[in-house]
Amino acid sequence: MLQLIGFNTYTEYQTVLGRSDLCFENDRRLYTCEFKVIGKADNVREKHEEANAQIKEKKYGLRLTNKEVITLAVVIINENKDETHQAMREVAAIEEVS
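Pasting the structure below:
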(Lines of atoms letter the chains of each structure in order from A and count residues from 1; the text may use other names and numbers.)
(Lines give C-alpha, C1' and ligand atoms only; values in the text may rest on other atoms or scores of the structure.)
Protein backbone atom coordinates (compact mmCIF):
# COMPACT_ATOMS: atom_id res chain seq x y z
CA MET A 1 0.00 0.00 0.00
CA LEU A 2 2.86 2.38 0.76
CA GLN A 3 4.22 1.84 -2.74
CA LEU A 4 0.84 2.70 -4.25
CA ILE A 5 0.91 6.12 -2.61
CA GLY A 6 4.44 6.86 -3.80
CA PHE A 7 6.83 5.60 -1.10
CA ASN A 8 9.91 3.52 -1.81
CA THR A 9 9.75 0.60 0.66
CA TYR A 10 12.35 -1.78 2.07
CA THR A 11 11.76 -4.71 4.39
CA GLU A 12 14.41 -6.02 6.77
CA TYR A 13 16.53 -2.94 6.05
CA GLN A 14 20.15 -3.66 7.02
CA THR A 15 22.08 -1.13 9.09
CA VAL A 16 25.54 -1.36 10.63
CA LEU A 17 24.13 -2.42 14.02
CA GLY A 18 21.11 -4.48 12.98
CA ARG A 19 18.08 -4.72 10.78
CA SER A 20 14.89 -2.67 11.04
CA ASP A 21 11.63 -4.32 10.03
CA LEU A 22 10.43 -1.74 7.52
CA CYS A 23 11.71 1.46 5.94
CA PHE A 24 9.78 3.68 3.60
CA GLU A 25 10.76 7.00 2.10
CA ASN A 26 9.74 9.79 -0.17
CA ASP A 27 11.80 12.73 -1.39
CA ARG A 28 11.73 14.48 2.03
CA ARG A 29 11.53 11.83 4.77
CA LEU A 30 12.77 8.36 5.64
CA TYR A 31 10.61 6.36 8.06
CA THR A 32 12.11 3.40 9.92
CA CYS A 33 9.76 1.00 11.73
CA GLU A 34 10.32 -1.71 14.32
CA PHE A 35 7.34 -4.04 14.79
CA LYS A 36 6.57 -6.15 17.85
CA VAL A 37 3.71 -8.66 17.74
CA ILE A 38 1.96 -9.79 20.92
CA GLY A 39 -0.72 -12.39 21.54
CA LYS A 40 -2.74 -10.56 24.18
CA ALA A 41 -3.52 -6.92 24.81
CA ASP A 42 -2.29 -7.01 28.41
CA ASN A 43 1.42 -6.37 27.69
CA VAL A 44 1.31 -3.62 25.03
CA ARG A 45 3.34 -1.12 27.07
CA GLU A 46 6.08 -3.67 27.80
CA LYS A 47 6.50 -4.59 24.11
CA HIS A 48 6.37 -0.94 23.09
CA GLU A 49 9.22 -0.14 25.48
CA GLU A 50 11.14 -3.12 24.08
CA ALA A 51 10.75 -1.75 20.54
CA ASN A 52 11.84 1.73 21.68
CA ALA A 53 14.94 0.28 23.36
CA GLN A 54 15.85 -1.75 20.28
CA ILE A 55 15.52 1.30 18.00
CA LYS A 56 17.80 3.33 20.27
CA GLU A 57 20.32 0.53 20.84
CA LYS A 58 20.62 -0.30 17.13
CA LYS A 59 20.59 3.39 16.16
CA TYR A 60 17.99 2.87 13.43
CA GLY A 61 17.55 6.63 13.13
CA LEU A 62 21.20 7.20 12.25
CA ARG A 63 21.44 7.49 8.48
CA LEU A 64 23.74 9.20 6.03
CA THR A 65 21.03 11.12 4.26
CA ASN A 66 19.86 14.67 3.77
CA LYS A 67 16.28 13.54 4.55
CA GLU A 68 14.47 13.89 7.84
CA VAL A 69 14.61 10.47 9.54
CA ILE A 70 11.59 9.39 11.61
CA THR A 71 11.75 6.19 13.67
CA LEU A 72 8.51 4.47 14.69
CA ALA A 73 7.87 1.74 17.26
CA VAL A 74 4.75 -0.28 16.41
CA VAL A 75 3.03 -2.94 18.56
CA ILE A 76 0.50 -5.21 16.87
CA ILE A 77 -1.95 -7.47 18.69
CA ASN A 78 -2.51 -10.77 16.95
CA GLU A 79 -4.91 -12.85 19.04
CA ASN A 80 -6.10 -16.08 17.52
CA LYS A 81 -9.75 -17.02 17.54
CA ASP A 82 -10.82 -19.40 20.31
CA GLU A 83 -14.02 -20.30 22.16
CA THR A 84 -14.12 -17.01 24.07
CA HIS A 85 -13.42 -14.39 21.39
CA GLN A 86 -13.06 -13.68 17.69
CA ALA A 87 -9.65 -13.39 16.09
CA MET A 88 -8.26 -9.89 16.44
CA ARG A 89 -5.43 -8.17 14.63
CA GLU A 90 -4.88 -4.49 15.30
CA VAL A 91 -2.23 -1.88 15.85
CA ALA A 92 -2.18 -1.36 19.59
CA ALA A 93 0.49 1.35 19.78
CA ILE A 94 2.55 3.45 17.42
CA GLU A 95 4.95 6.12 18.60
CA GLU A 96 7.79 8.17 17.18
CA VAL A 97 11.09 7.41 18.91
CA SER A 98 13.54 10.28 19.30
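FYI, in our numbering the residues of the sequence shown are 196 to 293.
Every residue, glycine too, gets a C-beta built ideally from N, C-alpha and C.
Given residue i as reference, the closest of the options once Cα atoms are compared
i           : options            : result
residue 271 : 239, 207, 206      : 239
residue 214 : 229, 234, 290      : 229
residue 264 : 291, 252, 197      : 291
residue 208 : 266, 288, 279, 285 : 266
residue 222 : 241, 201, 205      : 201
Residue i (DSSP reduced to helix, strand or coil)
i           : result
residue 249 : helix
residue 286 : strand
Rounded C-alpha distance that separates residue i from residue j
i           : j           : result
residue 256 : residue 249 : 11 Å
residue 262 : residue 281 : 42 Å
C-beta neighbour in chain B for residue i, strict 7 Å
i           : result
residue 269 : Absent here is chain B; the protein component of the structure consists of one chain.
Burial state of residue i, where buried means 16 or more other Cβ atoms lie within 10 Å
i           : result
residue 235 : exposed
residue 269 : buried
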